[in-house]
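Number of protein chains: 2
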Amino acid sequence: MLYMSRVDIQFYMDKYNLHEVLPERLYPHLSLHTVEKGEQLCRQGEPAKTLYIVVKGKAKVFTTSVEGKTLVLSFQTPIELIGDIEYIQNIDIINTVEAVSSVTVIKIPYKFIRKHCEQYSPFLMFMLKVITDKFNAKSNFLKLNVLYPVEVRLASYLLSHSFDEEHSLVTGVHSTKNLKDTANLIGTSYRHLNRVIQQFNELGLVERKDKWIQIKDWEGLREMAGSSLYE
Amino acid sequence: MLYMSRVDIQFYMDKYNLHEVLPERLYPHLSLHTVEKGEQLCRQGEPAKTLYIVVKGKAKVFTTSVEGKTLVLSFQTPIELIGDIEYIQNIDIINTVEAVSSVTVIKIPYKFIRKHCEQYSPFLMFMLKVITDKFNAKSNFLKLNVLYPVEVRLASYLLSHSFDEEHSLVTGVHSTKNLKDTANLIGTSYRHLNRVIQQFNELGLVERKDKWIQIKDWEGLREMAGSSLYE
DNA sequence: TTTTGAAAAGGACATATGTCCCAATAATTC
DNA sequence: GAATTATTGGGACATATGTCCTTTTCAAAA
């Protein structure tokens, strides 16, 4: 985890209006860090000591069962919190968070939050908003995963992730680079995911090209996903 | 929904220390209501206008897919909130909540919360605690449902629900009265649930008696559930 | 270019789970 | 009590999904 210049904190605080939610007394205790792709920000089971605010990049949140199975719960992008639930509940870290791209975070040790924020409504409202947002996402996710077959989940996933993530452009192309993550996110096996992709191919919904999945029939996918969408 | 005497509000506020989290200015706008078994407190999709604090009884939270499938998300007992997420996010009601037994709630219209609570840290902290608690429960629930087969889910469910709910005594007996709810909670079909119960029977883990499932082998069930437990 | 090894895709089969329907039982009405 | 209707459990079969392992592809090293 690389330490970064103090002036950059200002940049991100401006960008995301964090001045409105963090009390000034907290400023001296903020620090900005970058973790490289593949590095972990925190690990399931370890004691929690710090709140992170994700201000740049993309991180993968996942949990591992004792048997070694992995479930990807979400991808985090700005502005999201890591360690918020643990802070409120006073518990060990629930999920492992790993940088998918290079990720920049503002780091705030719990002890300063305890001291400066527990009486500060704007901060508490901010937490409430971010957490209820997560809650909602998790609700949808749960509903989708339990109530619908892999086909629907995959269609839904493709629709919400098939755009150029750097530029937020809809391109209808989805990298197969991390197909295993995808499998773990929609809660199925890599093998089965492949099977369903093949099915979609035969139905003319998508086409496999080199390292990419090209969407051929948006309408068809939307129909298959029904009203259920990730995110 | 039956309106109840004002003096009773005091009783529940004392019982659950609500004086510590609700500002006094809010007191005139609280009211106490009881809904009978089977009645619904709110319905998925309708506009949200009120926060409820469950102070007595048991309510079932569930969602219904467009195809008509039902997923039971949780059972709520005191002290829990209904309409909290909707309040913060400003959205329509997400899930339907139905009284399983007679349920008593304190009702607070959103407009008064907006007026009297958004600046009041104890209330916000209270919300945060209740919501993160729910969040955690949902996390476990999701993990369990996606990562483990029905056997494990059922074992886990039996372990956490097989006690005399009125008196919190472990009796090792579980009513089959609402086996359909159980199926919807652990995310499987009624048919398959029956099949697995039969399996458990053959393994000597449980025994079916009249309207009840009698647990025969706690240790065996615990082994089957592994480290995964509902709640 | 050939060789070698890892990663990705797919075949074959086993298992878990869902759907549909019928039989048995219990609850209700007449 | 008999007749009727709901509720419950289970059989038969279809489908979805997982596991294991082989084949293929691709890329790095020689």
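Line by line, the protein sequences are chains D and A.
Going left to right, the first sequence walks through residues 24 to 254 as the numbering used here numbers them.
Going left to right, the second sequence walks through residues 24 to 254 as the numbering used here numbers them.
Beta carbons: idealized from backbone N, C-alpha and C, even for Gly.
Test: ILE136/A CB closer than 8 Å to a CB of chain D: What you label residue 136/A is simply residue 113 of the second sequence in a count that begins at 1. Cβ-Cβ to chain D under 8 Å: no for ILE136/A.
Inter-residue Cα distance where the pair is VAL229/A and LEU252/A: Here residue 229/A refers to the residue found at position 206 when the second sequence is read from its first residue. Here residue 252/A refers to the residue found at position 229 when the second sequence is read from its first residue. Rounded to whole angstroms, VAL229/A to LEU252/A spans 18 Å at the Cα level.
Residue-chain proximity (THR155/D, chain A), Cβ-Cβ < 8 Å: Residue 155/D sits at position 132 when you count from the first residue of the first sequence. With 8 Å as the cut-off, THR155/D counts as an interface residue toward chain A.
C-beta atoms of ILE111/D and LEU53/D nearer than 8 Å: Along the first sequence, read from residue 1 onward, the residue named residue 111/D stands at position 88. Along the first sequence, read from residue 1 onward, the residue named residue 53/D stands at position 30. No. Outside cutoff.
Touching by the beta-carbon criterion (3+ pairs, under 8 Å), the segment 140 to 154 of chain A and the segment 105 to 123 of chain A: Three or more beta-carbon pairs separated by less than 8 Å link the segment 140 to 154 of chain A to the segment 105 to 123 of chain A, which places the two stretches in contact.
Residues of the segment 112 to 136 of chain A whose Cβ lies closer than 9 Å to any Cβ of chain D, in chain order: Across the segment 112 to 136 of chain A, CB contacts with chain D closer than 9 Å involve GLN112, ILE114, ILE117, ASN118, in sequence order along the chain.
LYS166/A in three-state terms, based on DSSP: Counting from one through the second sequence, the residue named residue 166/A turns up at place 143. Reduced to three states, the DSSP call for LYS166/A is helix.
Inter-residue Cα distance where the pair is PHE135/D and THR86/D: Counting from 1 along the first sequence, the entry for residue 135/D is found at position 112. Counting from 1 along the first sequence, the entry for residue 86/D is found at position 63. PHE135/D and THR86/D: Cα-Cα distance of roughly 28 Å.
Buried or exposed by the 16-neighbour rule on C-beta atoms within 10 Å, applied to LYS60/D: Reading the first sequence from its first residue, position 37 is the one you call residue 60/D. In the assembly as shown, LYS60/D is an exposed residue. Its beta-carbon has fewer than 16 other beta-carbons within 10 Å.
Residues from the segment 149 to 176 of chain D in contact with chain A, defined by Cβ distance under 8 Å: Taken in chain order, the members of the segment 149 to 176 of chain D whose beta-carbon sits within less than 8 Å of a beta-carbon on chain A are MET150, LEU151, LYS152, ILE154, THR155, ASP156, LYS157, PHE158, ASN159, LYS161, SER162, PHE164, LEU165, LYS166, ASN168, VAL169, LEU170, TYR171.
Cutoff 8 Å; reference LYS161/A; Cβ partners in own chain excluding five residues on either side: Mapped onto the second sequence, residue 161/A falls at position 138. Within the same chain, LYS161/A has close Cβ partners LEU96, SER97.
Cβ neighbour criterion (16 or more within 10 Å) applied to GLN142/D: As a first step, residue 142/D must be located in the first sequence, where it is residue number 119. Exposed, by the Cβ-count rule.
The segment 56 to 76 of chain A touching the segment 221 to 236 of chain D, judged by at least three CB pairs closer than 8 Å: Because the criterion of three Cβ pairs below 8 Å is not met, the segment 56 to 76 of chain A and the segment 221 to 236 of chain D do not touch.
Rounded separation between LEU167/D and VAL44/A - CA only: Working through the first sequence from its first residue, we reach residue 167/D at position 144. Working through the second sequence from its first residue, we reach residue 44/A at position 21. Distance between the alpha carbons of LEU167/D and VAL44/A is about 35 Å.
Neighbouring residues, chain A, relative to ILE108/D (Cβ below 7 Å): The residue you call residue 108/D lines up with position 85 of the first sequence. Those within 7 Å of ILE108/D in chain A are THR155, PHE158, ASN159.
Exposed unless 16 or more other CB atoms sit within 10 angstroms - verdict on HIS42/A: On the second sequence, position 19 is the one that residue 42/A refers to. Its Cβ having fewer than 16 others within 10 Å, HIS42/A is exposed.
DSSP three-state assignment for GLU230/D, whether helix, strand or coil: For the purposes of this step, residue 230/D is taken as the residue at position 207 of the first sequence. Residue state, collapsed to three classes: strand.
Alpha-carbon spacing of ASN158/A relative to LEU208/D, whole angstroms: Looking up residue 158/A in the second sequence gives position 135. Looking up residue 208/D in the first sequence gives position 185. Per the sequence shown, the amino acid found at residue 158/A is Phe instead of Asn. Straight across, the Cα-Cα distance linking PHE158/A with LEU208/D is about 18 Å.
Helix, strand or coil at SER144/A [DSSP, three-state]: Against the second sequence, residue 144/A aligns to sequence position 121. DSSP places SER144/A in helix when its eight states are reduced to three.
Neighbour flag for LYS203/D against chain A, beta carbons, 8 Å: If you number the first sequence from 1, residue 203/D lands on position 180. No, no contact with chain A.
Contact under 8 Å by Cβ, PRO132/A with LYS72/A: Here residue 132/A refers to the residue found at position 109 when the second sequence is read from its first residue. Here residue 72/A refers to the residue found at position 49 when the second sequence is read from its first residue. Yes, these two residues count as a Cβ contact at 8 Å.
N- and C-terminal bounds of the beta strand (DSSP E) containing ILE116/D: Translated into positions along the first sequence, residue 116/D becomes position 93. For ILE116/D, no beta strand (DSSP E) segment is defined, and its DSSP state is neither H nor E.
Outcome for TYR213/A when other beta-carbon atoms lying within 10 angstroms are tallied against a minimum of 16: As a position in the second sequence, residue 213/A is number 190, starting the count at 1. Residue environment: TYR213/A is assigned as exposed (fewer than 16 neighbouring CB atoms within 10 Å of its CB, all protein chains considered).
Selection from ILE220/A, HIS197/A, HIS139/A, THR127/A that minimises the alpha carbon distance to THR100/A: Here residue 100/A corresponds to residue number 77 of the second sequence, with the count starting at 1. Answer by Cα proximity: THR127/A.
Contact set for PHE146/A: own chain, Cβ-Cβ below 6 Å, skip 5 residues either direction: The residue you call residue 146/A lines up with position 123 of the second sequence. Counting only residues of its own chain and dropping the five nearest sequence neighbours on each side, PHE146/A has a CB closer than 6 Å to the CB of VAL44, CYS140.
Residues bridged to GLN63/A [DSSP beta-bridge criterion]: Here residue 63/A refers to the residue found at position 40 of the second sequence. Within the DSSP bridge table, the entry for GLN63/A names GLU121/A as partners.
Simplified DSSP state of VAL95/D, which is helix, strand or coil: Walking along the first sequence from the start, residue 95/D turns up at place 72. If DSSP states are grouped into helix, strand and coil, VAL95/D belongs with the strands.
Residue range of the alpha helix (DSSP H) that includes LEU244/A: In the second sequence, residue 244/A corresponds to position 221, counting from 1. That run of the alpha helix (DSSP H) goes 241 to 248.
Buried versus exposed, by CB contacts within 10 Å (16 or more), ARG137/A: As a first step, residue 137/A must be located in the second sequence, where it is residue number 114. Exposed, since its Cβ has fewer than 16 Cβ neighbours within 10 Å.
C-alpha distance - ASN118/D paired with GLY68/D, whole-angstrom precision: As a working mapping, residue 118/D is identified with position 95 in the first sequence. As a working mapping, residue 68/D is identified with position 45 in the first sequence. So the two alpha carbons sit approximately 8 Å from each other.
Secondary structure of LEU177/D, DSSP reduced to three states: Working through the first sequence from its first residue, we reach residue 177/D at position 154. Correct three-state label for LEU177/D: helix.
Neighbour flag for THR86/A against chain D, beta carbons, 8 Å: By 1-based counting over the second sequence, the position of residue 86/A is 63. Yes, because at least one Cβ of chain D sits closer than 8 Å to the Cβ of THR86/A.
Exposed unless 16 or more other CB atoms sit within 10 angstroms - verdict on PHE164/D: For the purposes of this step, residue 164/D is taken as residue 141 along the first sequence, with counting starting at 1. Burial call: buried.
Where the beta strand (DSSP E) through TYR133/A begins and ends: As a first step, residue 133/A is located in the second sequence; it is residue number 110 there, counting from the start. Here TYR133/A belongs to no beta strand (DSSP E); instead the alpha helix (DSSP H) covers 133 to 139.
Proximity below 8 Å, CB of ALA122/D to CB of GLY91/D: Translated into the one-based positions of the first sequence, residue 122/D becomes position 99. Translated into the one-based positions of the first sequence, residue 91/D becomes position 68. Cβ distance not < 8 Å, so ALA122/D and GLY91/D don't count as in contact.
Contacts of VAL229/A in chain D (Cβ-Cβ under 9 Å): Position 206 of the second sequence, counted from the start, is the residue given in the question as residue 229/A. For VAL229/A, no chain D residue has a Cβ inside 9 Å of its Cβ, as the nearest lies near 24 Å away.
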